[in-house]
Amino acid sequence: MSKMTPRSSNPEFDSLVPNTPFTRRAFVISMLGVGFALATQPVMADTVIKTSTEGLIAGEIKVPVSDGDMVAYRAQPDKGANFPVILVISEIFGVHEHIADICRRLAKLGYLAIAPELFARHGDPRKISSIQDILDNIVAKVPDAQVMSDIDACEAWAKAHGGDTSRMAITGFCWGGRITWLYAAHNPRLKAAVAWYGRIDGVDSELTPRQPLDLAAQLKAPVLGLYGGQDQGIPLDDVEAMRAAIKKAGGKSELHVYPDAPHAFNADYRPSYRKGAAEDGWKRMQAWLKKNGV
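Residue numbering for the sequence shown follows our numbering, beginning at 2 and increasing consecutively.
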């Protein structure tokens with residue numbers, strides 16, 4: 002029998018995941034480009050939020066992971082030290098301009114924000130024009146346990162580069178929203194999490210063996226879930242099921258629904274953007290982070 006490669010640094014999470022070995026492979030994405038993902042074109046230029054790098058250190062970094070260096074985007078204030086850390090997890094489109102801007106917005110608030118390119122081994126979603134192709138040929142190949150390990154590596158990078166990981170949170174959007182829930186059940190050092198319209202339930206597979214709803218009683222940090230009442234991909238029944246599961250577990254997580262908002266209501270570069278819900282969600286996120294010591 003061949004030796005199995007460890008799936009993550011957290012034994013409790015490993016116990017939930019089949020022992021499928023990972024083979025060492027080259028990273029497809031070695032550099033981050035500028036601009037928006039092809040699949041999101043045409044961009045809604047009138048609503049795009051553009052945050053400058055003035056007063057910031059911002060740009061590409063390389064994060065050492067188990068099989069090489071993973072590219073990521075980092076933004077932080079250019080003065081000071083020991084900044085609280087925010088891990089920013091992208092949608093299926095990877096770390097494109099919107100996610101980079103989210104990092105800059107957080108840096109303007111005093112955080113060290115890191116957005117890892119978690120699809121780096123499997124393909125570059127920013128260069129693919131078909132959403133279905135991204136889902137089938139990249140997203141479907143990414144194991145949850147690999148993602149957990151890669152985000153752990155971002156924590157280690159932040160700690161080694163002036164971040165205060167005793168004040169650490171995670172936030173994610175769409176695909177990254179689901180990952181946010183999973184990471185809140187994975188890392189006991191996490192203080193808070195904010196999941197923007199992340200899938201709550203779904204079909205289990207070898208690479209995605211557990212869903213957020215399965216882990217409601219195992220959350221190690223309180224999660225604020227922000228959802229749209231008109232989201233065609235996340236039924237309100239799922240949101241209510243998660244709310245009930247959290248209550249049953251005695252957890253401190255909360256879910257908020259914007260009744261008239263669709264999926265991706267914070268994506269200011271897409272037609273789904275809803276300014277009112279996005280701005281309110283951003284305020285709620287800031288309050289949640291402060292409430293939980295981040």
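The C-beta atom is built at its ideal place from N, Cα and C for all residues, glycine as well.
DSSP state of residue i mapped onto helix, strand, coil
| i | result |
| --- | --- |
| residue 34 | coil |
| residue 280 | helix |
| residue 68 | coil |
| residue 61 | strand |
| residue 262 | coil |
| residue 49 | coil |
| residue 27 | coil |
| residue 222 | coil |
| residue 285 | helix |
Of the listed residues the options, nearest to residue i (C-alpha basis)
| i | options | result |
| --- | --- | --- |
| residue 181 | 157, 249, 152 | 152 |
| residue 245 | 132, 47, 155, 201 | 201 |
| residue 91 | 69, 208, 126, 48 | 126 |
| residue 71 | 87, 32, 146, 169 | 32 |
| residue 114 | 219, 255, 47, 79 | 79 |
| residue 135 | 193, 36, 93 | 93 |
| residue 55 | 133, 102, 118, 68 | 102 |
| residue 107 | 218, 207, 57, 255 | 57 |
| residue 128 | 68, 35, 193, 231 | 35 |
| residue 99 | 27, 242, 45 | 45 |
Environment of residue i [buried if 16+ CB atoms lie within 10 Å]
| i | result |
| --- | --- |
| residue 82 | exposed |
| residue 212 | buried |
| residue 190 | exposed |
| residue 38 | buried |
| residue 240 | buried |
| residue 186 | buried |
Cβ-Cβ distance between residue i and residue j below 7 Å
| i | j | result |
| --- | --- | --- |
| residue 228 | residue 198 | yes |
| residue 73 | residue 104 | no |
| residue 121 | residue 62 | no |
| residue 96 | residue 269 | no |
| residue 146 | residue 290 | no |
| residue 139 | residue 163 | no |
| residue 41 | residue 271 | yes |
| residue 168 | residue 263 | no |
3 or more residues per run - each beta strand (DSSP E) lying fully within the region 77-128 | 84-90, 113-117
Where in the region 125-194 do unbroken runs of the alpha helix (DSSP H), each at least 4 residues long, occur, reported from the N-terminal end onward?
-> 132-138, 145-161, 176-187
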